[in-house]
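Data first, discussion second: the structure below is written as structure tokens.
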Amino acid sequence: MADESQYELDEETLFLVSQTFKALSDPTRIRILHLLFEEELSVNKIAETLDLNQSNVSHQLRFLKNLRLVKYRRDGKTIYYSQDDEHVMKILQQSIDHATHH
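Here it is as structure tokens:
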């Protein structure tokens, strides 16, 4: 019989998984990640495209960055964001596919 402890998740893994699902539970964060799925965008462009205020977008991006779901680069005064985790983006895309499958 296999050792059951090998199937246990450690506390850090449990926390990171739950935080990832927390990130994906917010409609605004889903919209931002979906937008960043294909291209890198500035905070202003994200806010404009999604019709959101810039401070809300910045707040959500900070949350996503802390979970390493997005990354950024600075070009002068402009900060550009892009997705930073293929695994989570696949989960998001599969969830969207599931939701839109008839």
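Once you know that position 95 of the sequence shown is 95 in UniProt numbering, the rest is easy, because the numbers rise by one and skip nothing. Even for Gly, the Cβ is constructed at its ideal location relative to N, Cα and C.
7 Å Cβ shell around H101 - same chain, five flanking residues per side excluded: Against the sequence shown, residue 101 aligns to sequence position 101. Closer than 7 Å at Cβ, skipping near neighbours: no residue.
Of the residues E12, D84, I32, the one placed nearest R73, counting alpha carbons only: Numbered from its first residue, the sequence shown carries residue 73 at position 73. For R73, the nearest C-alpha among the options comes from D84.
DSSP beta-bridge partners for D84? The sequence position of residue 84 within the sequence shown is 84, counting from 1. Looking at the DSSP output, D84 shares a beta bridge with no other residue.
For S42, which three-state DSSP category applies? Position 42 of the sequence shown, counting from 1, holds the residue named residue 42. Residue state for S42 is assigned as strand, using DSSP reduced to three classes.
Rounded to the nearest angstrom, what separates H87 and F37 at their Cα positions? Here residue 87 refers to the residue found at position 87 of the sequence shown. Here residue 37 refers to the residue found at position 37 of the sequence shown. If you take the alpha carbons of H87 and F37, they lie about 12 Å apart.
So what's M1 in DSSP terms, helix, strand or just coil? Along the sequence shown, one-based indexing puts residue 1 at 1. Its pLDDT being 48, under 50, M1 is placed unreliably in this model, and the value from its coordinates should be taken loosely. Of the three classes helix, strand and coil, the one that applies to M1 here is coil, per DSSP.
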